[in-house]
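Counting along the sequence shown from 1, when you hit position 32 you're at 32 in the UniProt record's numbering, and nothing is skipped either side.
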Amino acid sequence: MLVILGFLWLIWRLRTPLSWIVIAMFIAVALSGPVNLMSRKLPRGLAILFAYLGLVLIPIGIAAIVVPPLVREATNLANDVPGYVQDLQRWVNDNDRLKELDREYNIVDRLRERAEELPTHLDDAAGTLSDVGGTIVGSLFAAFNILILSIFMVASGRRWIDRAIDFARPEHAPRIRRAVERIATAVGNYVGGALLQATIAGVTTFIVLTILGVPFAAPLAVLTALFDLIPLVGATIGAILVALVTVFHDFPVATIVWLIWAVAYQQIENTMIQPQIQRRAVEVHAFVVLVSVLFGATLFGVLGALLAIPVAASIQIAIREWWDYRRTSAIELPPGVDPPPRPDNPDEPPARLDLPPA
1 MLVILGFLWL IWRLRTPLSW IVIAMFIAVA LSGPVNLMSR KLPRGLAILF AYLGLVLIPI
61 GIAAIVVPPL VREATNLAND VPGYVQDLQR WVNDNDRLKE LDREYNIVDR LRERAEELPT
121 HLDDAAGTLS DVGGTIVGSL FAAFNILILS IFMVASGRRW IDRAIDFARP EHAPRIRRAV
181 ERIATAVGNY VGGALLQATI AGVTTFIVLT ILGVPFAAPL AVLTALFDLI PLVGATIGAI
241 LVALVTVFHD FPVATIVWLI WAVAYQQIEN TMIQPQIQRR AVEVHAFVVL VSVLFGATLF
301 GVLGALLAIP VAASIQIAIR EWWDYRRTSA IELPPGVDPP PRPDNPDEPP ARLDLPPA
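Quick look at the structure:
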């Protein structure tokens, strides 16, 4: 009992580096496909370099699209707030009831004071940013370590797995190797499919918002694509955020058109796009998906929700292999009779044994 408690305590103390290893493992599995594809015509080291260079450039590109418009509009808003307060003052002066309320509570004067102080608070933002600088540096350190771990896994992971499997019993090694390959294929296909699905959502969102003339179409499209990566609820949250922007642009025309498009697209994505993309990735029951996403989000936040489905698929594959092993090993074979071949579909029963007559 003390050994178990000590082991659990050790895992709890090492939870941060262990989570880095898990994330690095999924990144390595996801990038192993592109790396293997490029390795057919390029040296493997160069293929790994190109794959990780693309991985690093993706968040840089997203930041380049999203951050400048946000900073520009925040600055414009701070500079325009005093003008908004003056408009409010004129509106209050033209309304007797509002004028009486302002005289009693001095609302407009207080708003004017806060509005005049707002531009000066932008200078104080540097101090606030410096307070969170340690968190940013820590996140960058974690991201750097995760990338380095995943690079080692892509470069040498296959040899490590083969050496680990060599320690298993000879009759178990093929089954373990097959399970590992199926898990790697499922995780890689899921990650690639999720990225493709999010890209389709972002591109279609950009086209629709551009047609409607909604400002910040590119940042909103990136935001929609990022939320689309979150299973079950991500696409809905992204659509609601975009709808709020359309309210301030052209209500109700743009808002109604966007909501109709968002509902129609989600139906198309759920019935056509997602099944086609994910049909060869993971076959996890909807109930298991919901439970795994809830558990992952509760334990690790958004990152846990993103990794929940491939983790559930990996556990499902491992359980299927174990159950198939137990089912086939329960059959006692006479001497000289080989076990039946494993079916390609794990849901199919094993082949019937043709035993020699007694």
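We put the beta carbon where it would ideally sit given N, CA and C, even for glycine.
Predicted model only: the values in this text are computed from it and were never measured.
Neighbourhood of W20 by C-beta, 7 Å cutoff - its chain only, sequence neighbours within 5 removed: A142, N145, I146 and L149
Neighbourhood of P34 by C-beta, 6 Å cutoff - its chain only, sequence neighbours within 5 removed: A51
Selected residue, minimal CA-CA separation from G188, among I4, W12, L31 and W9: L31
Opening and closing residue of the alpha helix (DSSP H) in which S19 lies: R15 to M38
G6, DSSP secondary structure in three states: helix
Backbone CA spacing between G301 and L57 [nearest angstrom]: 24 Å
Reduced DSSP category for H172 - H, G, I as helix; E, B as strand; rest coil: coil
C-alpha distance - D347 paired with G61, whole-angstrom precision: Residue placement at D347 cannot be trusted, given a pLDDT of 48 that sits under 50; what the coordinates show is reported in the next sentence. C-alpha separation (whole angstroms): 43 Å.
Rounded C-alpha distance that separates L8 from L241: 41 Å
Alpha-carbon spacing of F26 relative to I317, whole angstroms: 16 Å
Residue 359 versus P174: straight-line alpha-carbon distance, rounded: An answer regarding residue 359 cannot be provided, because it is not within the stretch 1 to 358 covered by the chain.
Check whether V245 and L220 have beta carbons under 9 Å apart: yes
Residue of G213, Y190, T204 and L10 minimising C-alpha distance to V253: G213
Local conformation of P349 per DSSP, three classes: Residue confidence is low: P349 scores 48 on pLDDT, short of 50, so the model does not pin down where it sits. No coordinate-derived value is stated.
CB-CB length for A262 against A239, believed under 8 Å: 4 Å
I151 vs I200 beta-carbon contact at 9 Å: no
Backbone CA spacing between L129 and I268 [nearest angstrom]: Because the pLDDT at L129 is just 48, under 50, the model does not fix this residue reliably, and the value given afterwards should be weighed accordingly. Answer to the nearest angstrom: the Cα atoms are 42 Å apart.
Integer Cβ distance of G193 from T224, believed to fall under 8 Å: Not really, about 17 Å apart at Cβ, beyond 8 Å.
G213 - DSSP class collapsed to helix/strand/coil: coil
Contact under 9 Å by Cβ, A313 with I183: yes
Distance, R158 Cα to L140 Cα: 28 Å
Of the residues L195, V180 and W258, the one placed nearest A217, counting alpha carbons only: W258
For A168 and I161, believed in contact at Cβ under 8 Å, the rounded distance: Contact flag wrong, Cβ pair sits at about 11 Å.
Inter-residue Cα distance where the pair is Q86 and L70: 25 Å
Which listed residue (L55, T271 and E171) has its alpha carbon closest to that of S329: E171
Length-filtered (4 minimum) alpha helix (DSSP H) runs lying within the region 270 to 323: 274 to 278
Pair within 9 Å by beta-carbon distance, L226 and A198: yes
Nearest-angstrom Cα separation, counted from W91 out to Y190: 56 Å
Residue range of the unbroken alpha helix (DSSP H) whose run includes V257: V253 to I268
Which of helix, strand or coil DSSP assigns to V245: helix
Separation of D166 from V284, as counted between CA atoms: 30 Å
Inter-residue CB distance, L5 and I11 (contact presumed, cutoff 8 Å): Actually they do not touch by this definition, with Cβ atoms about 11 Å apart.
Residue of M153, N93, G138 and K41 minimising C-alpha distance to A24: M153
Buried versus exposed call for V75 [16 or more other C-beta atoms within 10 Å across all chains shown]: It should be pointed out that residue 75 corresponds to Thr in this sequence rather than to Val. The residue is exposed, with fewer than 16 neighbouring Cβ atoms inside 10 Å.
Distance between beta carbons of A28 and S39, contact taken as under 8 Å: No, S39 and A28 are not in contact; Cβ-Cβ is about 14 Å, not under 8 Å.
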